[in-house]
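The end of the sequence shown is residue 2010 by my numbering, with every number in the run present. No residue lacks a Cβ here, since even glycine has one placed at the ideal position from N, Cα and C.
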Amino acid sequence: MKSGSRFIVSVSRRNQQNVQVARITEKGPEQGANHTHFDSRKSLLEIFFETLERAIIKFIDPPLHLSVDPNHVLCDNFGPVDELSPTECDVIHGSLSILSCLNGVYIRIGPNPQFTTNGPHHYFDGDGMMQSLRISQGRATFCCRYVKTNKYLFEHQVGSCIIPNIIGGMQDLGPFIARATLYVARAILGHYDMSKGFGVANTSVAFFGGRVYALCESDLPYEIKVKDDGDVITLGRHDFNGKLTLNMTAHPKVDPDTKEAFAFRYWATRPYLTYFRFDANGNKHPDVPIFSMKQSSLSHDLAITQKYAIIFDIQLEVDPMNFIRGRCLVSVDPTKVPKIGILPRYATNESEIKWFDAPGINILHAVNAWDDVDDDGNEVIVLVASNILHVEHLMERIHMIEPCMEIVTIHFRTGVVSRKSMSTNNFELPVINQAYVAKKNRYFYSAINEKRPLKSSMVRTIGVVKLDITASSENNTKDRNKHIVASRMYGENCFGGEPFFVARDPKDPNSEEDDGYVVSYVHDESSGKSKFVAMDARSPSLEIVVEVKLPQRVPYGLHGIFIRENDL
């Protein structure tokens, strides 16, 4: 952010459409007070609703915490960008033509608000936008598209924010009731169909059952399609022939051999968690409600083995009663003992679920899990995951959560859950070779987070690291860096995001687990330029073998995926 500047909400036109778009733009001190222009074509009723929204901001909202202040949250490369039609890119290092395994599409998704106001806005509230790079025959085509959710389409038509922010707008009871009243009034007047959902599809992208989905755990998946020219279109909200209701996790796990997908949804009322799966053709099987989960839990991820599904009951809770207690919708219960639930992955009910107390283990992202036995031949499950040591900071001071990569062993006979720390170096967003999901693996790759963000409460990633899981059992040493076998820093003022591993030849049964490339987007905050990089996963320095210059900056975003040409 430039010295002496701040941000205002202004109005601009884009995409050659007659829709006025409120955007955050930089404003110098000489320009006067913040203001919002109005589209003269809006109805009087719409202007009335907007006037009420501004009154809520001015008279009811408490002072904005930095975590929900859009001028702070959406600064620099966390700020939104506009859509971009398919645009061919220059390869500035290496050659794509000799890396046939990269033929396909790399998509990273993240929050990118279509509109923003001076009211509360959490980073996770932004509309989902997909940043895709289509690679074919040595050429690369970049495209940037919103997921056309029900929320996006309605607000695009109206020309302003309509749907209350799920996180930012639920920090205080009074403003939430006021905004909810406006929202319900619109629905009663027929302005908005609540049955079509209000999610933002901004968290992750998944491929299963031959389809690609944009996901956010507050809604159903949105099916998307990558066209031959590199464009990405939204086909619509997908309920799997009416069998999927309410919402679904953004992190389903896909078995690489059976092609089945395993997933769940969490909710604020009982059953707090419901487990389900999809067959190889994408057909959803019946729900398995988990009534033995006694409290709400923000269960963000799960893991699978060949025999089990593993769910996490952590200290983060999602409870509407928090408003009555004077807390935020998402809060932490420090008295709660986290638990790990083990359920046969083909279970039709919860009768066989086993719960294990797991003090101090709050898992947001699982690396992998597999079935194993201990030295006495007793059944155990080995789980590798990122444990959030200070989960209380997740929603407001995410840079202080201190993720710790750990190996967790769950002993069926004794009920003991043991832990081994691999690293406390602020690693997050872990990925593996997808062919090893639910099987014992050796390597994984993780983003390296900066420890003390200078400009935003959000976290930027300064590099990528490769860790060797087996080192923890082979070396009885306190030097946790022994697990780090390769790393790459992006350089001064350069930041990336979640990496993704692409195998060189996934059909070769004799190929090594780490034979492939680690890919990511990288942004240079000094120049304002972004690029796509592919790194040799076997190189001790994760040597960059290909760089592609992108036609516009790519915000840091959240999760991504690489989908091969033959799957497209």
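In terms of Cβ geometry, Gly-1536 and Glu-1989 form a close pair [threshold 8 Å]. Note on geometry: alpha-carbon atoms of Val-1779 and Phe-1886 lie some 28 Å from one another. Listed as beta-bridge partners of Pro-1606 by DSSP are no residues whatsoever.
In the DSSP assignment, Val-1600 falls within the alpha helix (DSSP H) that extends over 1592-1600.
The continuous alpha helix (DSSP H) containing Ile-1619 extends over residues 1615-1630. For the pair Ser-1860 and Leu-1506, the Cα-to-Cα distance works out to about 41 Å. Assignment of beta-bridge partners to Trp-1797 by DSSP yields Gly-1783. Per the DSSP secondary-structure output, Leu-1657 pairs in a beta bridge with Ser-1646. In terms of CA proximity to Arg-1550, Tyr-1963 leads the group Tyr-1963, Gly-1819 and Ala-1710. Here the segment 1591-1608 makes no contact with the segment 1684-1702; the two share fewer than three CB pairs at distances below 8 Å.
Taking the Cβ atoms as the reference, Ala-1643 lies roughly 19 Å from Val-1600, outside the contact range of under 8 Å. Secondary structure of Ala-1808 (DSSP, three-state): strand. In this structure, Leu-1806 lies away from Tyr-1750, with their beta-carbon atoms at least 8 Å apart. The segment 1576-1586 makes contact with the segment 1983-2001; the number of CB pairs closer than 8 Å reaches 3 or more. Taking the C-beta atoms as reference points, Gly-1639 is found no nearer than 8 Å to Gly-1999. Asn-1519 and Glu-1967 do touch by the CB rule: their CB atoms are close to 6 Å apart, below 8 Å. Going by DSSP, Asn-1513 is part of the alpha helix (DSSP H) stretching over 1512-1515.
In the three-state reduction of the DSSP assignment, Cys-1531 falls in the coil class. For Tyr-1714, the number of other beta carbons within 10 angstroms of its own is at least 16, and it is reported as buried. Per DSSP, Phe-1854 lies in no beta strand (DSSP E) and is assigned neither H nor E. A buried status is given to Tyr-1548, since no fewer than 16 other beta-carbon atoms sit within 10 Å of its beta-carbon. Taking all protein chains in view, the Cβ of Ala-1692 is crowded by 16 or more other Cβ atoms within 10 Å, so the residue is classified as buried.
A contact between stretches requires three or more CB pairs, one per stretch, nearer than 8 Å, and the segment 1554-1563 fails this requirement with the segment 1681-1691. Straight across, the Cα-Cα distance linking Arg-1995 with Leu-1516 is about 14 Å. Straight-line spacing of the CA atoms in Ile-1911 and Leu-1494 works out to 55 Å. His-1965 is bridged by DSSP to Phe-1937 and Ser-1972. For Thr-1711, no alpha helix (DSSP H) segment is defined, and its DSSP state is neither H nor E. Straight-line spacing of the CA atoms in Ile-2005 and Pro-1941 works out to 14 Å. Contact holds between the segment 1941-1958 and the segment 1871-1879, because three or more Cβ pairs, one in each stretch, are under 8 Å apart.
A distance below 8 Å between beta-carbons, with the five flanking residues on each side excluded, links His-1832 to the following residues of its chain, in chain order: Met-1842, Ile-1843 and Glu-1844. Straight-line spacing of the CA atoms in Thr-1623 and Leu-1771 works out to 17 Å. Membership of Ile-1489 in any beta strand (DSSP E) is not indicated; the residue belongs instead to the alpha helix (DSSP H) covering 1486-1497. In the DSSP assignment, Phe-1733 falls outside any beta strand (DSSP E), carrying neither H nor E.
Residue pairing by DSSP places Thr-1716 opposite Arg-1707 and Pro-1731 in a beta bridge.
Here Lys-1669 is not bridged, per DSSP, to any residue.
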